[in-house]
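By UniProt numbering, the letter at position 33 of the sequence shown is numbered 33, and the numbering carries on one by one without gaps.
All remarks here apply to the structure that follows.
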Amino acid sequence: MYHVQVPLSQQFQAQYQAPKRKIGIYSPAERRERLKRFHEKRKLRVYHKRVKYDCRKRLANSCPRVKGRFVRKTEFLQAKESSSTSSPATSESTSSTEDCLH
1 MYHVQVPLSQ QFQAQYQAPK RKIGIYSPAE RRERLKRFHE KRKLRVYHKR VKYDCRKRLA
61 NSCPRVKGRF VRKTEFLQAK ESSSTSSPAT SESTSSTEDC LH
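See the structure below:
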């Protein structure tokens, strides 16, 4: 086997002759465009809650709840009766929960 020795400077030149500057798989210009698009789309994001259907919101507010959960009217009446037979401190906390409209 013949070993041909190539000077180190030529080896490095062959490897790095035409360096293509890339950031990941994108060129700097492509990356700049992609980042610009990302930032524009990020500005359009909505982070606050919006009620889409007012009728559903009204229905949910009118439904009976116990400790924030929706219940049937019979369960609601049972919970109301049981809270009235319990100690006054418990009935106060339950009544404040029933008045909550969120």
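Positions of the beta carbon are idealized from the N, C-alpha and C atoms, including for glycine.
Source: prediction; values computed, not measured.
{"Item": "Closer than 9 Å to chain B by CB, S82", "Value": "Chain labels in this structure do not include chain B; a single protein chain is all it has."}
{"Item": "Which of helix, strand or coil DSSP assigns to S95", "Value": "Residue placement at S95 is flagged as unreliable, the pLDDT there being 45, under the threshold of 50; a coordinate-derived value is accordingly withheld."}
{"Item": "F70 beta carbon near the ligand ADP (any heavy atom closer than 8 Å)", "Value": "Inclusion of the ligand ADP in the displayed structure is not the case, the ligand content being empty and no account of it being possible."}
{"Item": "Residue interval of the alpha helix (DSSP H) (run including P64)", "Value": "No alpha helix (DSSP H) holds P64; DSSP gives it neither H nor E."}
{"Item": "6 Å CB neighbourhood of G68 in its chain, flanking five on each side removed", "Value": "none"}
{"Item": "Secondary structure of R42, DSSP reduced to three states", "Value": "helix"}
{"Item": "As assigned by DSSP and simplified to three states, the class of residue 159", "Value": "Not covered by the structure: residue 159. The range shown for the chain is 1 to 102."}
{"Item": "For I23: DSSP bridge partner residues", "Value": "Y26"}
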